[in-house]
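Peer 1: So that you can map any letter, position 259 of the sequence shown is 259 in UniProt numbering, and since no number is skipped, the others follow by simple counting.
Beta carbons are placed, not taken as given, at the ideal position from N, Cα and C, and that holds for glycine.
My structure is below; once you've seen it, I'll send some questions.
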Amino acid sequence: MESSHFYRDTWVEVNLDYIYENVTNMKRFLPDDVAVMAVVKANAYGHGDVQVVKTALEAGASYLAVAFLDEAIHLRSSGIDAPILVLGAVRPNDMSLAAKYNLTLTVFQLEWLQEAISVYKENLPVTFHLKLDSGMGRLGVKEKSEVTELIEVIENDPRFFLEGVFTHFATADELDTSYFEEQYQTFLQMLEWIPVKPKMVHCGNSATGLRFPEKVFNAVRLGIGMYGLTPSLEIKDQLPYNLHEAFSLHSSLVQVKKIAEGEKVSYGATFTADEEMWVGTVPVGYADGWIRSLQNTDVLVDGERCQIIGRICMDQFMVKLPREMARGTKVTLIGGQKNEYIHVDDVAKVLGTVNYEVICTISYRVPRIFLKNKSIIEVRNPVLINH
Numbered sequence: 001m002e003s004s005h006f007y008r009d010t011w012v013e014v015n016l017d018y019i020y021e022n023v024t025n026m027k028r029f030l031p032d033d034v035a036v037m038a039v040v041k042a043n044a045y046g047h048g049d050v051q052v053v054k055t056a057l058e059a060g061a062s063y064l065a066v067a068f069l070d071e072a073i074h075l076r077s078s079g080i081d082a083p084i085l086v087l088g089a090v091r092p093n094d095m096s097l098a099a100k101y102n103l104t105l106t107v108f109q110l111e112w113l114q115e116a117i118s119v120y121k122e123n124l125p126v127t128f129h130l131k132l133d134s135g136m137g138r139l140g141v142k143e144k145s146e147v148t149e150l151i152e153v154i155e156n157d158p159r160f161f162l163e164g165v166f167t168h169f170a171t172a173d174e175l176d177t178s179y180f181e182e183q184y185q186t187f188l189q190m191l192e193w194i195p196v197k198p199k200m201v202h203c204g205n206s207a208t209g210l211r212f213p214e215k216v217f218n219a220v221r222l223g224i225g226m227y228g229l230t231p232s233l234e235i236k237d238q239l240p241y242n243l244h245e246a247f248s249l250h251s252s253l254v255q256v257k258k259i260a261e262g263e264k265v266s267y268g269a270t271f272t273a274d275e276e277m278w279v280g281t282v283p284v285g286y287a288d289g290w291i292r293s294l295q296n297t298d299v300l301v302d303g304e305r306c307q308i309i310g311r312i313c314m315d316q317f318m319v320k321l322p323r324e325m326a327r328g329t330k331v332t333l334i335g336g337q338k339n340e341y342i343h344v345d346d347v348a349k350v351l352g353t354v355n356y357e358v359i360c361t362i363s364y365r366v367p368r369i370f371l372k373n374k375s376i377i378e379v380r381n382p383v384l385i386n387h
């Protein structure tokens, strides 16, 4: 099919074997009665949601989590029938859609629930997880009286079922665990407000699962760790097992030319050659997520580090080459070539951000190639699919 191909020299490779291994390693590390909820929001952190979901479920994940209703409906429309929790706020008017697609909603406010009930006219069941705000300051109930009334509303409507209760920690990925412990104790106190505990109780993201497996209750929301990335550089050396980075980004040289001393490169003429040199053009730009702040950083060309020179354009950038190289030579922006490697964390450090942001920033227009047992099992190109 045409949608299985791409017609540009830039692509992401997603190693599904690494996804599988990261999930199974977490499963082995956790107590036997703790479920893994695979967090696949934001198109599986930029990797590609459907293939990642299938792999995570094969590896032993039993629940899925997304941020928004649209993401959940997309998974259902792609044939995914596993339980899906929508972590973010859903508009009250859309509760009927959640019921239609058998999706679990986060209930985070009494007022929201009352409004949803007032407009919900269906008889289909709706499953909820109650979000408690133990100190993150995002979604969630904070007061005992509101929790009590909210539970009563759910229990008094035969269409509704409270399956779970959860919270989220703000500092589980930091060396200083004082605020983490404060939140954990707050969550324990909040759980006492619920007379009959729901089937699922979960508070752990990847960092919590990796560092405090004894405190995750009976489910872990495995996000960044599933993709082989550390929750933070602070705790990278404290992880109980090796993570395998599944995401890599590649391109090719589309033109190679020699420029003379004094010639300038790219917008603003910010780079001037101080000697005669070979320059390669790479068809990646800030519209692909390789933003202008990455000017002067390195990429790998034929196993050698080469510096980006001049400003990064919307669709292209230029690199200084050590010698004349053939058009079509592979360029790696994230990943390895020969004995050199550029990690997502390396890019994040340059940008002063976190690895989460780097992989989520790589645009939809970059095709994703999914690898399993070193073979391509799917090429997904949303640009062609959507047009």
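What beta strand (DSSP E) runs, 3 residues minimum, are completely inside the segment 150-193?
Peer 2: 160-166
Peer 1: Taking the straight line between their C-alpha atoms, what separation do you get for D306 and R138?
Peer 2: For the record, residue 306 in the displayed sequence is Cys; it is not Asp. For C306 and R138, the distance between alpha carbons rounds to 42 Å.
Peer 1: So what's E263 in DSSP terms, helix, strand or just coil?
Peer 2: coil
Peer 1: Relative to the alpha-carbon of V90, which residue among L384, E304, Q337, F128 has its alpha-carbon at the smallest distance?
Peer 2: F128
Peer 1: Excluding sequence positions up to five away, which residues of its chain have a Cβ less than 8 Å from the Cβ of E235?
Peer 2: This sequence places Ile at residue 235; Glu is not what is there. So the list reads D173, E174, L175, A207, L210, R211, once near-sequence residues are dropped.
Peer 1: In whole angstroms, give me the CA-to-CA distance for I73 and K349.
Peer 2: Looking at the two C-alpha atoms, the distance is approximately 35 Å.
Peer 1: Return the CA-CA distance between E146 and A59, expressed in angstroms with no decimal places.
Peer 2: Taking C-alpha positions only, E146 is separated from A59 by approximately 39 Å.
Peer 1: Could you pull out every residue in the same chain whose Cβ sits closer than 6 Å to the Cβ of F358, ignoring the five residues on either side in sequence?
Peer 2: Checking the sequence, you will find Val at residue 358 rather than Phe. Residues of the same chain with a CB within less than 6 Å of the CB of V358, apart from the 5 flanking positions on each side, are V344, V347, A348 in chain order.
Peer 1: For T272, count the other beta carbons within 10 Å of its own beta carbon; 16 or more makes it buried, fewer makes it exposed. Which is it?
Peer 2: exposed
Peer 1: When you compare only the Cα positions, how much space is there between E263 and E275?
Peer 2: Roughly 9 Å between the two C-alpha positions.
Peer 1: Using three-state DSSP, classify C306 as helix, strand or coil.
Peer 2: Strand at C306.
Peer 1: On the DSSP bridge list, what partners appear for Y286?
Peer 2: Answer is none; Y286 lacks a bridge partner.
Peer 1: With DSSP as the reference, identify every bridge partner of R368, one or two as the case may be.
Peer 2: V12, R380
Peer 1: So residue 388 and F317 are supposed to be a Cβ contact under 8 Å. How far apart are they, rounded?
Peer 2: Residue 388 is absent from the structure shown; the chain starts at 1 and stops at 387.
Peer 1: CA-CA distance, S134 and M314?
Peer 2: 42 Å
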